[in-house]
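Student:
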Amino acid sequence: MAAFETSGEKLHLLSVLVENKAGVLARVAGLFSRRAFNIHSLAVAPTEDAKFSRITMVVDVESAPLEQMVKQLDKLINVLSITELSPEQAIQRELLLVTVDAEAAVRGQVIELVQVFEGRIVNVGHEQIMVSLEGAPDKLDDFENLLRPYGISAIQRTGRIALPRLHN
Amino acid sequence: MSSGPPTHGQPMNGGEALIKSLELEGVDVMFGLPGGAILPVYDPIIDSPIRHILVRHEQGAGHMAEGYAHATGRPGVAMVTSGPAATNIVTPLCDAFMDSVPMVVITGQVPYAAIGTDAFQECDTTGITMPVTKHNYLISDARDIPRIVREAFHLATTGRPGPVLIDVPKDIVDPKNPRSALDWYWPDEVDLPGYHPPSKGEPEAIRKAAELILASERPVIYAGGGILKARAAEALRELAELCDIHVVTTLMARSAFPDTHPLALGMPGMHGNYTAITAMQQADLLIALGSRFDDRVTGRVGAFAPEAKIIHVDIDPAELGKVRRPDVGIAGDCRLVIEELIEALRELGGTPAQPDRSLWKSTISGWQETYPLTYEQSAPGELLKPQFVLETLRDNTPDDTILCSGVGQHQMWASQYWRFQHPYTWVNSGGLGTMGFSVPAAIGAKVGRPDRMVWAVDGDGCFQMTAQELVTASAERIPVKVAILNNAYLGMVRQWQEMFYEERYSEVYLSPDLPDYKMWAEAMGCVGMRVESPEEVLPAIEKANSINDRPVVIEFRTDASEKVFPMVPAGASNDDVLTFQSQFGENH
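These protein sequence lines map, in sequence, to chains A and B. For reference, each letter of the first sequence is one residue, going 222 to 389 in my numbering. For reference, each letter of the second sequence is one residue, going 96 to 683 in my numbering.
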């Protein structure tokens with residue numbers, strides 16, 4: 222079991238393959254709420270085969286043992302398989318959109334940060350700019366922390382998606 | 096429609112296909128109540144050999160289906176309409192989910208295009224029932240009906256059994272709607288890529304379990320409801336006798352092992368008997384078979400059976416380690432695993448390879464002698480003791496009588512004082528603790544086993560919740576017998592208020608005379624009797640036993656001050672079990 226910590230929570234990364242049917246996400250979410258398990262983040266989309274979807278979820282294991290979560294998830298009829306991905310063995314990506322204060326006096330600094338992180342400015346206003354950044358979740362955390370002093374007025378992250386690393 | 100199986104490709108409407116699918120699943124009876132959205136499915140019932148029992152309230156349909164399933168092992172089937180009918184059957188669904196009862200419930204739904212518009216009698220039935228079903232379906236296409244019915248019965252009856260709900264929008268079953276047209280087919284097999292219930296145990300784990308059994312000095316078999324679900328009562332008996340190990344049967348496992356057997360310890364748990372509770376507490380090995388370490392069995396989990404190693408066999412892998420970490424966990428079907436275990440034990444030398452357990456056995460028989468179940472007989476002129484009524488009923492009914500109960504004191508006394516001889520003779524609501532379960536469940540059991548005498552033991556509080564189904568029983572000529580233990584109180588609540596709330600009796604008094612149970616029974620087409628003194632008990636029971644053309648209700652006026660003992664107070668350790676007052680000297 223490969224745990225990683227973010228601000229005190231003990232988190233695990235699960236990749237859950239499900240049938241792409243109506244209500245499956247409600248079943249997964251309902252199970253977590255009914256059994257008092259915590260979801261830290263969740264991303265879902267169809268896979269290469271349109272009959273299936275993959276849910277990448279980060280779960281907080283402080284609330285219940287991971288083994289219970291996995292076994293209860295596995296009982297859902299529409300769940301085909303559950304894989305725990307350790308951060309070392311997985312490629313993880315997340316997308317972030319942020320609107321940050323960038324008045325003329327500091328705009329150069331903000332743009333420089335965006336360039337260092339290889340983000341993209343996607344919208345520009347008089348006082349603010351909006352930036353998109355894709356990358357590993359840690360990189361997004363760092364970027365968010367560095368931007369905060371300038372004033373973040375809105376931020377939206379997608380939650381991470383992940384696939385196992387290839388073995389060469 | 097009703098004669099012979101339809102041919103592949105035969106044009107049909109969704110309602111006909113639904114009923115035909117039920118017939119092909121072997122359904123002989125269903126319990127239900129029609130209404131607007133389900134009307135098109137009720138029409139083909141007229142031409143079907145399936146017997147339909149018209150209930151008076153949809154909750155009754157659900158509990159009847161459960162009672163039928165408990166008594167027969169076959170899935171119970173209930174069908175009701177949309178909206179309030181669907182919400183009325185949520186309680187039985189949850190009850191069946193908690194007690195792993197195989198059941199298929201069909202609900203009507205507003206036409207597919209109207210879903211989400213807050214249409215008349217619309218309700219998000221699949222949304223509401225998602226957490227209380229093993230699985231549920233909202234059908235969107237008439238062509239899916241045969242496949243979904245097939246899947247629903249497969250899911251309800253395999254693996255850990257449970258309720259499955261099928262929500263049927265009206266348009267796909269209404270012959271007047273083109274969306275209801277389909278060409279008939281019947282799938283040869285189900286295709287559920289995410290469903291692989293375990294069956295046999297893992298050989299390595301079986302061997303380890305056998306070694307633990309052979310090394311143990313103080314073993315106890317902790318048999319749960321899974322034994323009955325797996326049809327494993329015979330295998331259980333063989334295992335117990337092979338290794339000469341005592342067996343406790345939880346509330347859900349009552350009747351899985353004969354109470355008259357020398358190795359039977361009876362029921363453990365909050366109101367279990369002293370020996371069953373204490374043998375588990377002091378065991379060095381618990382062999383948990385189809386049981387789930389429920390809080391009513393374990394008491395305070397941290398103090399439960401502290402020295403015991405655990406072998407845990409369950410068909411649901413999620414039960415292994417959920418409450419107590421097993422030393423050997425085996426995900427598998429109880430019957431198959433027990434059979435494998437017996438084989439492994441024989442290979443390892445069987446009974447001769449076991450340590451001498453005579454000290455343990457004599458300790459157990461010592462407890463049995465010192466702390467038997469007991470109560471004080473009532474003095475002349477006093478109200479009846481409920482235990483006396485149950486003993487008299489027990490001793491004057493056939494061994495294979497099916498006993499059903501509601502929830503509360505009467506349920507605990509029934510479980511304590513009955514001597515079950517045959518599997519599937521005990522029908523009750525364990526996990527959910529559904530008051531009102533008894534009468535409809537007894538009706539369902541009698542429908543499933545018309546050859547058996549069926550008695551419902553009920554409390555006055557419980558009886559008032561679902562008594563209307565006796566109208567159903569009278570109308571359908573289902574001759575169940577009901578013994579109401581009328582103590583004029585919500586008895587178990589009263590017991591807790593007396594013991595834990597300083598005798599402050601808040602909202603717990605029901606009155607002995609209101610309603611008049613005898614007149615109420617008669618108004619519902621039953622024979623009604625009232626019994627107030629000990630000498631009337633037996634004649635009333637004998638009269639009830641002789642009536643076989645209509646339901647019978649006997650109201651027994653019982654002593655409200657009588658409490659269920661032994662008792663482990665909620666949250667206490669099983670070491671702190673309270674026995675009968677007369678035994679306090681020995682115990683404390």
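Built from N, CA and C at the ideal position, the CB exists for glycine as well. Computed from a predicted model, the values in this text were never measured in an experiment.
Residues of chain B with a CB under 7 Å from the CB of lysine 292(A): which are they?
Tutor: Here residue 292(A) corresponds to residue number 71 of the first sequence, with the count starting at 1. Per Cβ cutoff of 7 Å: Pro412, Ala413.
Student: When DSSP labels each residue in this structure, what does valine 577(B) get in the three-state scheme?
Tutor: For the purposes of this step, residue 577(B) is identified with residue 482 of the second sequence, where counting begins at 1. Strand, per DSSP.
Student: Check this for me: beta carbons of valine 265(A) and leucine 297(A), under 8 Å apart or not?
Tutor: Numbered from its first residue, the first sequence carries residue 265(A) at position 44. Numbered from its first residue, the first sequence carries residue 297(A) at position 76. Result no, Cβ atoms of valine 265(A) and leucine 297(A) do not sit closer than 8 Å.
Student: Residues in the stretch 247-276 of chain A with C-beta within 7 Å of chain B's C-beta atoms, listed in sequence order?
Tutor: Ala247, Arg248, Gly251, Arg255
Student: Would you decide whether isoleucine 141(B) is buried or exposed? Buried here means 16 or more other CB atoms lie within 10 Å of its CB.
Tutor: The residue labelled residue 141(B) in the question sits at position 46 within the second sequence. So isoleucine 141(B) ends up on the exposed side.
Student: Residues of chain A with a CB under 7 Å from the CB of leucine 287(B): which are they?
Tutor: The residue you call residue 287(B) lines up with position 192 of the second sequence. Those are Ile298, listed as they occur along chain A.
Student: Only counting runs of 4 or more residues, tell me where the alpha helix (DSSP H) segments fall wholly within the stretch 296-361 of chain A, in order along the chain.
Tutor: 325-337
Student: Can you tell me the Cα-Cα spacing of alanine 57(B) and leucine 250(B), whole angstroms?
Tutor: Because chain B spans 96 through 683 in this model, residue 57(B) falls outside it and cannot be assessed.
Student: My output table needs one value for isoleucine 133(B): the three-state DSSP class, helix, strand or coil.
Tutor: Stepping through the second sequence from its first residue, residue 133(B) is reached at position 38. Correct three-state label for isoleucine 133(B): helix.
Student: Within its chain, find whatever has a CB closer than 7 Å to the CB of arginine 599(B); leave out the 5 residues flanking it on each side and keep chain order.
Tutor: Residue 599(B) sits at position 504 when you count from the first residue of the second sequence. Closer than 7 Å at Cβ, skipping near neighbours: Gln592.
Student: Could you tell me which of Pro545(B), Trp550(B), Ile579(B), Gly543(B) sits nearest to methionine 560(B), measuring between CA atoms?
Tutor: Working through the second sequence from its first residue, we reach residue 560(B) at position 465. Nearest option by C-alpha distance: Ile579(B).
Student: Between leucine 479(B) and phenylalanine 651(B), how many whole angstroms is the CB-CB distance? I'm expecting something under 8 Å.
Tutor: Indexing the second sequence from 1 puts residue 479(B) at position 384. Indexing the second sequence from 1 puts residue 651(B) at position 556. 6 Å between Cβ atoms; contact.
Student: Do the CB positions of methionine 351(A) and threonine 320(A) come within less than 8 Å of each other?
Tutor: The count along the first sequence starts at 1 and reaches residue 351(A) at position 130. The count along the first sequence starts at 1 and reaches residue 320(A) at position 99. Contact flag set, yes.
Student: Flag this pair as touching only if the stretch 347-361 of chain B and the stretch 426-435 of chain B have three or more C-beta atom pairs under 8 Å; answer yes or no.
Tutor: Not touching, per the Cβ criterion.
Student: Closer than 8 Å, Cβ to any Cβ of chain A: which residues of the stretch 290-314 of chain B, in chain order?
Tutor: Listed in sequence order: Tyr290.
Student: Checking contacts by CB at 8 Å: is glutamine 289(A) closer than that to chain B?
Tutor: By one-based count along the first sequence, residue 289(A) stands at place 68. Yes, because at least one Cβ of chain B sits closer than 8 Å to the Cβ of glutamine 289(A).
Student: Does leucine 235(A) have its Cβ less than 8 Å from a Cβ in chain B?
Tutor: Against the first sequence, residue 235(A) aligns to sequence position 14. For leucine 235(A), the answer is no, since every Cβ of chain B falls outside 8 Å of its Cβ.
Student: Hey, leucine 361(A) and leucine 354(A) are a contact pair by Cβ (cut 8 Å); roughly how many whole angstroms apart?
Tutor: Residue 361(A) sits at position 140 when you count from the first residue of the first sequence. Residue 354(A) sits at position 133 when you count from the first residue of the first sequence. Right, the Cβ-Cβ distance comes to about 6 Å (below 8 Å), so this counts as a contact.
Student: Report all residues from its chain with a CB closer than 7 Å to the CB of serine 97(B); omit the five preceding and five following residues, and keep chain order.
Tutor: If you number the second sequence from 1, residue 97(B) lands on position 2. Reliability fails at serine 97(B), whose pLDDT of 48 lies under 50, so the model's placement of it is uncertain and no value is given.
Student: Using a Cβ-Cβ cut-off of 8 Å, state whether glutamate 283(A) counts as contacting chain B.
Tutor: As a first step, residue 283(A) must be located in the first sequence, where it is residue number 62. Answer no: the Cβ-Cβ gap between glutamate 283(A) and chain B never drops below 8 Å.
Student: Could you work out which residue in Leu443(B), Ile406(B), Val396(B), His366(B) is closest to tryptophan 508(B) when comparing CA atoms only?
Tutor: As a first step, residue 508(B) must be located in the second sequence, where it is residue number 413. Nearest option by C-alpha distance: His366(B).
Student: By how many angstroms is the C-alpha of alanine 276(B) removed from the C-alpha of glycine 131(B)?
Tutor: As a first step, residue 131(B) must be located in the second sequence, where it is residue number 36. As a first step, residue 276(B) must be located in the second sequence, where it is residue number 181. Looking at the two C-alpha atoms, the distance is approximately 20 Å.
Student: By the three-class DSSP mapping on this structure, what secondary structure does valine 196(B) have?
Tutor: Position 101 of the second sequence, counted from the start, is the residue given in the question as residue 196(B). Reduced to three states, the DSSP call for valine 196(B) is coil.
Student: Does any residue of chain A bring its CB to less than 8 Å from the CB of threonine 393(B)?
Tutor: In the second sequence, the residue the question calls residue 393(B) occupies position 298. By this cut-off, threonine 393(B) is not an interface position.
Student: Kindly indicate if chain B contains any beta-carbon less than 8 Å away from that of glutamate 240(A).
Tutor: Counting from one through the first sequence, the residue named residue 240(A) turns up at place 19. Yes, glutamate 240(A) counts as interfacial toward chain B.
Student: Cβ closer than 7 Å: which chain B residues qualify as neighbours of glycine 244(A)?
Tutor: By 1-based counting over the first sequence, the position of residue 244(A) is 23. What glycine 244(A) touches in chain B: Thr221.
Student: With H, G and I counted as helix, E and B as strand and the rest as coil, what does DSSP make of cysteine 557(B)?
Tutor: What you label residue 557(B) is simply residue 462 of the second sequence in a count that begins at 1. Here cysteine 557(B) sits in helix by DSSP.
Student: So is glycine 526(B) in contact with chain A if we call contact Cβ pairs under 8 Å?
Tutor: Residue mapping note: residue 526(B) aligns to position 431 of the second sequence, counting from 1. No, no contact with chain A.
Student: Any Cβ of chain A within less than 8 Å of the Cβ of leucine 188(B)?
Tutor: Here residue 188(B) refers to the residue found at position 93 when the second sequence is read from its first residue. So no, leucine 188(B) is outside the interface.
Student: According to DSSP, is glycine 424(B) helix, strand or coil?
Tutor: Here residue 424(B) refers to the residue found at position 329 of the second sequence. Residue state, collapsed to three classes: strand.
Student: Could you tell me whether the stretch 495-510 of chain B touches the stretch 112-124 of chain B, where touching means 3 or more Cβ pairs closer than 8 Å?
Tutor: no
Student: Using the DSSP secondary-structure output, state which residues sit across from valine 239(A) in a beta bridge.
Tutor: As a first step, residue 239(A) must be located in the first sequence, where it is residue number 18. Answer is Ser274(A), Val300(A).
Student: For a cutoff of 8 Å on Cβ pairs, would you count methionine 225(B) as touching chain A?
Tutor: Against the second sequence, residue 225(B) aligns to sequence position 130. It does; some Cβ of chain A falls within 8 Å.
Student: Against chain A, which members of the stretch 226-247 of chain B pass a CB distance test of less than 9 Å?
Tutor: Pro226, Lys229, His230, Asn231, Leu233, Ser235, Glu246
Student: Determine, for proline 664(B), whether the minimum Cβ-Cβ distance to residues of chain A falls below 8 Å.
Tutor: For the purposes of this step, residue 664(B) is taken as the residue at position 569 of the second sequence. So no, proline 664(B) is outside the interface.
Student: When Cβ atoms are compared, which residues of the stretch 415-426 of chain B fall closer than 9 Å to chain A?
Tutor: Leu415, Gly416, Lys417
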